[in-house]
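**Student:** Below is one structure. I have some questions about it.
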Amino acid sequence: MSSSALGSAGARHAHAARAATPPVLDGRGDDPAWLAAQRIDGFLEYEPNEGAESRFRTEARVLYDDRYLYVLVRMYDPAPDSIVSLLSRRDVRTNSEQLKLVIDSYHDRRTAYQFAVNPAGVKRDFYVYNDAIEDGSWDAVWDVATAIDSLGWVAEFRIPFSQLRFANRDEHTFGLLIVRDVARTGARISWPLYRRNQQGYVSQAGELGGITGIPSPRRLEVTPYVVAANESVRDAAGFGRNQRLTGGADIKYGVTSNLTLDATVNPDFGQVEADPAVLNLTAFETFREERRPFFLEGTGIFTFDVHCGDIDSQCRGLFYSRRIGRSPQLLGSYGDHTSPTATTIVGAAKLTGRLGGGLSIGVLDAVTAREVGTLGRPVEPRTNYLVARASQDLRNGRSGIGAMITAVHRDLDEHSSPLLRRQAYAGGVDARHRFLDDRYQIAAYVAASTVEGSEEAIARTQLDGVHFYQRPDGATTFDPTLTRLSGNAQRLSVSKFGGGITRFQTVYQRFSPGFEINDVGFLTRADEQLLRNWFAFQFNRPTRAYRRMFLNFNQWTGWNAAGMRTDFGVNWNGHVELPNTWWLHAGLGGNAIRATYSDRAARGGPAVRQSPSWEGWAGVEGDRRWTVIPVVFGGAWTADEGESRGYFFDTNVELRLSTRLSARFGPSFQSAVRDKQWFRNFGDVGSDTTHYTFARLDQKTLSLTTRLNYTHSPTLSFQFYAQPFISVGDYSNWTELDQPRAADRSARYRPYGDGADPGGLDFKQLRTNAVLRWEYRPGSALFVVWSQGREGFEPVAATFAPGRNLDDLFGLYPENTFLVKISYWLNP
């Protein structure tokens, strides 16, 4: 193929050349194989000056053979000695130069694989879904070499086709987007030009054609592990030691070129960082981010969001993977200090991929063990979880329809049957459609659920904080004879995400009182309706006053299913990046500024009228190029006609002590006085004689999040994490509900407890985590070779293969042969 350049700034098409001889990865880019490849230039700046010619010239070339895609990118720099090259562990972004490849191998304009590297050779990779959402947990096996020279720097990639997913056909066209970051100027450059006023970025990729005759790669990866644990446990003498030895394995198998089977047996999640400490005094469950690699990978395929009403835009859905392997639910009933604190996952498997015609599928099944507490009674029964998801893209990804189902079954006995639901099912159908040059989108879903169990278990479901069927003034009626509870949910949104400087979204969602998905999903409350409106101005063209500026306006109204207004608020927030790359942030907002009633404040009691609340906050972020990077936020709020108030300070200081060593310190302090904090209910909840009590809480909370990172090389790093957390408070002015819906706040409560002091709270916790991470790919590997014979598959050889990988070895054996790579890794 000719080496002619794609010199036009508007060019969006490129061709890959077949390599007669694979190029040597050395970061020099002078291998003769590259002369046969077409030169791709025409890179343009998209940040800060969209569409401008850049003084940092960039060129790329692409080759391929039967097993690899090779990409060479030369990044010219007029001052090579100023190139920022910082070490970090894999998948950690530093303020370095960076080169990123976005490869849409399905060419569906919605999903892609990202491969990024900085001049120090630090690799980052992501799976991208829904055109823009990045799954950083995805880790692929690929190689890259980098070098800084007198012209700038070079990145030379070798990406196995076995790490990509694509349809089985003779000729392929991949989507390709190449992005370069220049750290010292903050410039971002791309081919083809990425436009920030358009929705998503995978759909903006160019096309890479000419890839023909590549075979479907076979993929089999086995990662066994052995863990020895030594724990401190409380016993009759005080504290003793509990030692255990366990093992398991993770398995990844490529069923076809576009379907992957992942399995884990007795998985080890010991390398996962601890959750941050939280003291939750609300009526709602705390959401925990998933951190376990097996469940993180493929997150996009299993996404079915049912609740996206929060201002922070975080969404919760039918599948919340933290339910699998959860803390045993019956610890409070049958557990003690010797009981397990997490449920053992016996095994789990998932099949994910994308079939021809734009159909994505995902099926996950997991089994957790029966955990036993005191007197042989279960603190968690043996449970099976099933999640299945399918979505079909239409109109080249601009529209789509999908469905999801979940099922949970527990093996209950006479002790757990009154306390837990026996089985739970949920499912839904969702659809989306882009229109008017893809600038607008309409999306909707409908979902339904049903849970079954004993009368006692379903009664507990009706009474819990998600439902509160026992509310004396509610529209729902508590029925202690039910053995099944069903519900439904709906959501409709209309959005503008591209074109001009304006953006908006309007969302309506509704949950019926009986909607219940918390066996394997996440829902803080049922019996809710929400109408949320968001409008924004986004100024992306730099001026003398700013590089970028975003202004957001929010208004939301909530009701329960019976139509009682539970929420009415407004919010404004602004974010400005200054010419020196500092950021300024500020926000103002108010809630309950019209008459609203909280049907959750009394924890099953009558709805309480809310008084207006107001808040304001501001923050500043320093230049990311500095050695010391400050981030400071603070704010204050007031409510209950000034009787409730508080303020907070959150700081985060990052120190870049050298190219290898960095530290981050994040002290946080909050002071809050809540005049009517729920304290406790006395009597039978829901009866006329129940006392719903509240107290004034004066609370102080202090935490310090510390991280220390040392990177010896891109494959060897050490990280230390610590978070001391202290929250103390005093209760006073003990009251109970009197006239909860009175307009006069003083009439809503009356004294309770004959002047008794309700006490206080004192919560202290220290969470630490230290991880030594070593990623090692030996130059020689041991492969066990199996071949199909009369007795089935039999081991025929153990191959010690210097410098070879699994894909190379497949070419040495017949088609009825498969290989297993034996690998080991260190978990300190």
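Taken in order, the sequence shown gives residues -5 to 822; the numbers are from the numbering used here. Each residue gets a CB set at the ideal place from its N, CA and C atoms; glycine is no exception.
With DSSP as the reference, please indicate the residues paired to F120 in a beta bridge.
**Tutor:** Answer is Q108.
**Student:** Can you find the residues in the same chain that come closer than 6 angstroms, C-beta to C-beta, to A530, ignoring five residues on each side of it along the sequence?
**Tutor:** So the list reads R497, N546, once near-sequence residues are dropped.
**Student:** Bridge partners of D102, per DSSP?
**Tutor:** Note: D102 sits in no beta bridge, so no partner.
**Student:** Near F281, which residues of its chain fall below 7 angstroms by C-beta distance, leaving aside the five closest residues on each side in sequence?
**Tutor:** The answer, listed in chain order, is R310, F516.
**Student:** Which of helix, strand or coil does DSSP assign to R348?
**Tutor:** It is a strand residue.
**Student:** Does the Cβ-Cβ distance between V67 and A10 come in under 9 angstroms?
**Tutor:** Their beta carbons are not under 9 angstroms apart, which means V67 does not touch A10 by this criterion.
**Student:** Does E635 pass the burial test, meaning 16 or more other C-beta atoms within 10 Å, or should it be called exposed?
**Tutor:** Flag for E635 reads exposed.
**Student:** Since L325 is in the alpha helix (DSSP H), which residue starts that stretch and which ends it?
**Tutor:** From DSSP, the alpha helix (DSSP H) with L325 extends over 325 to 328.
**Student:** According to DSSP, which residues form a beta bridge with M69?
**Tutor:** T52, W147.
**Student:** For A453, report the span of its alpha helix (DSSP H) as first-last.
**Tutor:** Unbroken alpha helix (DSSP H) run through A453: 449 to 457.
**Student:** Tell me which residues share the same chain as E215 and place their Cβ nearer than 6 angstroms to its Cβ, disregarding the 5 neighbours each side in the sequence.
**Tutor:** Around E215: K246.
**Student:** Taking 6 angstroms as the limit between beta carbons, can you name the residues of its chain near L476, skipping five residues before and five after?
**Tutor:** Within the same chain, L476 has close Cβ partners I452.
**Student:** Would you call the CB atoms of D593 and N548 closer than 9 angstroms?
**Tutor:** Contact flag unset, no.
**Student:** On a Cα-Cα basis, can you pick out the residue from T362, I172, L312, E201 that is closest to T258?
**Tutor:** Comparing Cα positions, the closest option is T362.
**Student:** For D407, collect the residues of the same chain with a Cβ closer than 6 angstroms to its Cβ; drop the 5 residues on either side in sequence, then sort them by chain order.
**Tutor:** Taken in chain order, the list of residues that qualify is empty.
**Student:** Among the candidates V402, L525, L457, whose CA atom is the shortest distance from the CA of R504?
**Tutor:** The residue with the shortest Cα to Cα distance from R504 is L525.
**Student:** For Y194, which option in G628, N89, D458, T105 has the closest C-alpha, if you only look at C-alpha atoms?
**Tutor:** The residue you asked about is not Tyr; residue 194 is Gly in the sequence shown. Comparing Cα positions, the closest option is T105.
**Student:** Starting from L655, trace the beta strand (DSSP E) both ways and give me its first and last residue.
**Tutor:** Run containing L655: 655 to 676, per the beta strand (DSSP E) assignment.
**Student:** Taking the alpha helix (DSSP H) that F289 falls in, what are its first and last residues?
**Tutor:** Where F289 is concerned, the enclosing alpha helix (DSSP H) stretches over 287 to 290.
**Student:** First and last residue of the beta strand (DSSP E) that includes V625?
**Tutor:** Counting along the chain, the beta strand (DSSP E) containing V625 begins and ends at 622 to 633.
**Student:** Below 6 angstroms CB to CB, which residues in the same chain sit around A469 once its five sequence neighbours on both sides are set aside?
**Tutor:** Only A556 meet the Cβ criterion.
**Student:** Note down the Cα distance separating P708 from E283, rounded to an integer number of angstroms.
**Tutor:** If you take the alpha carbons of P708 and E283, they lie about 26 angstroms apart.
**Student:** Identify whether P466 lies in helix, strand or coil by the three-state DSSP scheme.
**Tutor:** In the structure shown, P466 sits in coil (DSSP, three-state: anything other than H, G, I, E or B).
**Student:** Tell me which same chain residues have a C-beta within less than 7 angstroms of the C-beta of D269, skipping the five on either side of it?
**Tutor:** Hits under 7 angstroms: R282.
**Student:** Run through the DSSP bridge pairs and tell me what L582 is partnered with.
**Tutor:** Paired residue(s): W566, G610.
**Student:** Under 9 angstroms between the Cβ atoms of G36 and P186?
**Tutor:** Yes, they are a contact pair.
**Student:** G481 by DSSP, collapsed to three states: which one?
**Tutor:** Looking at G481 - three-state DSSP - the assignment turns out to be strand.
**Student:** Do you know offhand how far L582's Cα is from G568's?
**Tutor:** Each residue's alpha carbon lies about 9 angstroms from the other.
**Student:** So, helix, strand or coil for Q192, using DSSP?
**Tutor:** It is coil, neither helix nor strand.
**Student:** Of the residues W550, R739, S82, which one's Cα is nearest the Cα of S652?
**Tutor:** The option with the nearest alpha carbon to S652 is S82.
**Student:** Out of K344, N378, G351, point me to the one whose CA is closest to T338's CA.
**Tutor:** Nearest of K344, N378, G351 to T338, Cα basis: N378.
**Student:** Among the residues of its own chain, which have a CB less than 6 angstroms from the CB of T15, if the five just before and after it don't count?
**Tutor:** For T15, where only same-chain residues beyond five positions count, the Cβ hits under 6 angstroms are A27.
**Student:** Quickly, what does DSSP pair D644 with across the bridge? List them, please.
**Tutor:** BP columns for D644 point to F627, S662.
**Student:** By the DSSP assignment, the beta strand (DSSP E) with W185 in it spans what residues?
**Tutor:** Unbroken beta strand (DSSP E) run through W185: 181 to 185.
**Student:** Starting from the C-beta of D330, find all residues in its chain whose C-beta is less than 8 angstroms away, skip the five residues before and the five after it, and write them out in chain order.
**Tutor:** Excluding residues within five positions, the ones whose Cβ falls inside 8 angstroms are G367, T368.
**Student:** Which residues mark the beginning and the end of the beta strand (DSSP E) in which L170 is found?
**Tutor:** 165 to 176 is the extent of the beta strand (DSSP E) around L170.
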